[in-house]
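Novice: Have a look at this one.
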Amino acid sequence: YTNTIWQYYVEARYVLLHEAPDYGSRNAVSCGRAVENSGSGPWQVSINHNGQFWCGGSLITNQWVLTAASCISHNLTEVHLSCHTQSDLTSGEVSLTVEDIICHPAFNNSTYENNICLLKLLAPVTFTDYIQPICLASQNSTFYNGTSSWVTDFSKTGNSFPKILQEVNAPVVGNNECQCYYKGDKAITENMICAVLQARKDSCQGNPGGPLMTKTGFAWVQSGVVSTDNGCAQPVRPAVFTRVSEYQNWINDTRSSPCWCCWCLV
Numbered sequence: 002y003t004n005t006i007w008q009y010y011v012e013a014r015y016v017l018l019h020e021a022p023d024y025g026s027r028n029a030v031s032c033g034r035a036v037e038n039s040g041s042g043p044w045q046v047s048i049n050h051n052g053q054f055w056c057g058g059s060l061i062t063n064q065w066v067l068t069a070a071s072c073i074s075h076n077l078t079e080v081h082l083s084c085h086t087q088s089d090l091t092s093g094e095v096s097l098t099v100e101d102i103i104c105h106p107a108f109n110n111s112t113y114e115n116n117i118c119l120l121k122l123l124a125p126v127t128f129t130d131y132i133q134p135i136c137l138a139s140q141n142s143t144f145y146n147g148t149s150s151w152v153t154d155f156s157k158t159g160n161s162f163p164k165i166l167q168e169v170n171a172p173v174v175g176n177n178e179c180q181c182y183y184k185g186d187k188a189i190t191e192n193m194i195c196a197v198l199q200a201r202k203d204s205c206q207g208n209p210g211g212p213l214m215t216k217t218g219f220a221w222v223q224s225g226v227v228s229t230d231n232g233c234a235q236p237v238r239p240a241v242f243t244r245v246s247e248y249q250n251w252i253n254d255t256r257s258s259p260c261w262c263c264w265c266l267v
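What follows is the structure in structure tokens.
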């Protein structure tokens, strides 16, 4: 790849989740809440390569993005926020530079253990109706078997990437049951969380990094990071995510400069 110029950028894009629970909120910008008419998931981030969707991510503070370590194979340079579709840039787009990339030091590219990474933005982003952070599941959070959750990203549907943000309901599957599905193919550890993608909107796991999230009261809480490359997940085999609550200390310790982050016990 000596003569190849790799261009990556991160774009936050939003579209109403017609099948998801109400994302609306009457209040001003607040962690894990979406303002009415703002579109869904104002924390949603996408990492693009040569103009095509590559990976997902989520905005967790005004200067930090959470994604998967398996996404970071080449340098990321820019963050684009306030975009609604893959083919349309809005007049309110904000372009920010990625200052630092910090992936978990124990990430294993073979087992996907510790598949988590933080991107630090060079300058803080200003929160608007279209750009807001999501809450993160704190230590000791419990997600029982069947807990209603959602995945949002620009994952493949068939052989092509959609132009607008996709959503799919993904009930949680307990780790013991999840291990039964994978048998000896993969070890499901306490650092992982599983969920079954439903509604025939197969999320092809070739683009990790996006959030697995649950609605708790007034807020959306991110419980997982899309992790493994399973091909297109099907109801008979759960998708595997990095369990965010197991990394509260690492995330807090990694953010060298003081900045606000929202943790929610579920």
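The sequence shown begins at 2 in our numbering and counts up one residue at a time.
Ideal Cβ placement from N, Cα and C applies to all residues, glycine included.
Quantities reported herein were computed from a predicted structural model and do not represent experimental measurements.
I'd like the list of long-range same chain contacts for Leu-123, defined as Cβ closer than 8 Å, with 5 residues on each side in sequence excluded.
Specialist: Within the sequence shown, the letter at position 122 stands for residue 123. Within the same chain, Leu-123 has close Cβ partners Leu-97, Thr-98, Val-99, Glu-100.
Novice: Tell me which residue opens and which closes the alpha helix (DSSP H) that Ile-194 is part of.
Specialist: Within the sequence shown, numbered from 1, the residue matching residue 194 stands at position 193. That residue, Ile-194, is in no alpha helix (DSSP H); its beta strand (DSSP E) goes 193–196.
Novice: Can you look up Ser-150 in the DSSP assignment and give me helix, strand or coil?
Specialist: On the sequence shown, position 149 is the one that residue 150 refers to. Correct three-state label for Ser-150: coil.
Novice: So, with DSSP's three-state summary, where would you put Val-30?
Specialist: By 1-based counting over the sequence shown, the position of residue 30 is 29. The predicted position of Val-30 is uncertain, since its pLDDT is 41 and thus under 50; a value taken from the coordinates is nonetheless stated next. Three-state DSSP puts Val-30 in coil, outside helix and strand.
Novice: DSSP three-state label for Trp-264, please.
Specialist: Taking the first residue of the sequence shown as position 1, residue 264 is located at position 263. Note: Trp-264 maps to strand in three-state DSSP.
Novice: Under 8 Å Cβ to Cβ from Thr-143, same chain only, skipping five residues before and after it: list those, please.
Specialist: As a first step, residue 143 must be located in the sequence shown, where it is residue number 142. The answer, listed in chain order, is Val-267.
Novice: By DSSP, does Thr-112 sit in helix, in strand, or in coil?
Specialist: As a working mapping, residue 112 is identified with position 111 in the sequence shown. Thr-112: coil per DSSP, three-state reduction.
Novice: Measuring alpha carbon to alpha carbon, tell me which residue in Lys-121, Ile-102, Ala-69 is nearest Met-193.
Specialist: Stepping through the sequence shown from its first residue, residue 193 is reached at position 192. It is Ala-69 whose Cα lies nearest to the Cα of Met-193.
Novice: Looking only at its chain, what residues have a beta carbon closer than 6 Å to the beta carbon of Arg-238, apart from the 5 residues adjacent to it on each side?
Specialist: As a position in the sequence shown, residue 238 is number 237, starting the count at 1. Within the same chain, Arg-238 has close Cβ partners Tyr-182.
Novice: With Trp-251 as the anchor, note down where its alpha helix (DSSP H) starts and where it stops.
Specialist: Within the sequence shown, residue 251 is the residue found at index 250, counting from 1. Where Trp-251 is concerned, the enclosing alpha helix (DSSP H) stretches over 249–255.
Novice: Got a sec, what are the start and stop residues for the alpha helix (DSSP H) Cys-181 sits in?
Specialist: As a position in the sequence shown, residue 181 is number 180, starting the count at 1. 176–183 is the extent of the alpha helix (DSSP H) around Cys-181.
Novice: Could you tell me the alpha carbon to alpha carbon distance between Gly-211 and Ile-252, rounded to whole angstroms?
Specialist: Along the sequence shown, read from residue 1 onward, the residue named residue 211 stands at position 210. Along the sequence shown, read from residue 1 onward, the residue named residue 252 stands at position 251. Cα to Cα, the separation comes out at about 16 Å.
Novice: How about Cys-136 and Trp-221: do their beta carbons lie closer than 8 Å?
Specialist: Here the question's residue 136 lines up with position 135 in the sequence shown. Here the question's residue 221 lines up with position 220 in the sequence shown. Yes, the Cβ-Cβ distance between Cys-136 and Trp-221 is below 8 Å.
Novice: Determine the direct distance from the alpha carbon of Ile-189 to that of Asn-177, and round the result to whole angstroms.
Specialist: Residue mapping note: residue 177 aligns to position 176 of the sequence shown, counting from 1. Residue mapping note: residue 189 aligns to position 188 of the sequence shown, counting from 1. If I take the Cα positions, the gap works out to 8 Å.
Novice: Is the distance from the Cβ of Val-174 to the Cβ of Ala-196 below 8 Å?
Specialist: Here residue 174 corresponds to residue number 173 of the sequence shown, with the count starting at 1. Here residue 196 corresponds to residue number 195 of the sequence shown, with the count starting at 1. In contact: Val-174 and Ala-196 (Cβ atoms closer than 8 Å).
Novice: Rounding to the nearest angstrom, what Cα-Cα distance links Cys-265 and Thr-112 in this structure?
Specialist: For the purposes of this step, residue 265 is taken as the residue at position 264 of the sequence shown. For the purposes of this step, residue 112 is taken as the residue at position 111 of the sequence shown. The straight-line gap from Cα to Cα measures roughly 28 Å.
Novice: DSSP state of Ala-70, grouped into three classes?
Specialist: For the purposes of this step, residue 70 is taken as the residue at position 69 of the sequence shown. Correct three-state label for Ala-70: helix.
Novice: If the criterion is Cβ atoms closer than 8 Å, does the pair Ser-246 and Gln-140 meet it?
Specialist: On the sequence shown, position 245 is the one that residue 246 refers to. On the sequence shown, position 139 is the one that residue 140 refers to. Their beta carbons are under 8 Å apart, which means Ser-246 touches Gln-140 by this criterion.
Novice: Name the residue from Thr-229, Val-169, Asn-110, Cys-179 whose alpha carbon lies nearest to the alpha carbon of Leu-198.
Specialist: In the sequence shown, the residue the question calls residue 198 occupies position 197. For Leu-198, the nearest C-alpha among the options comes from Val-169.
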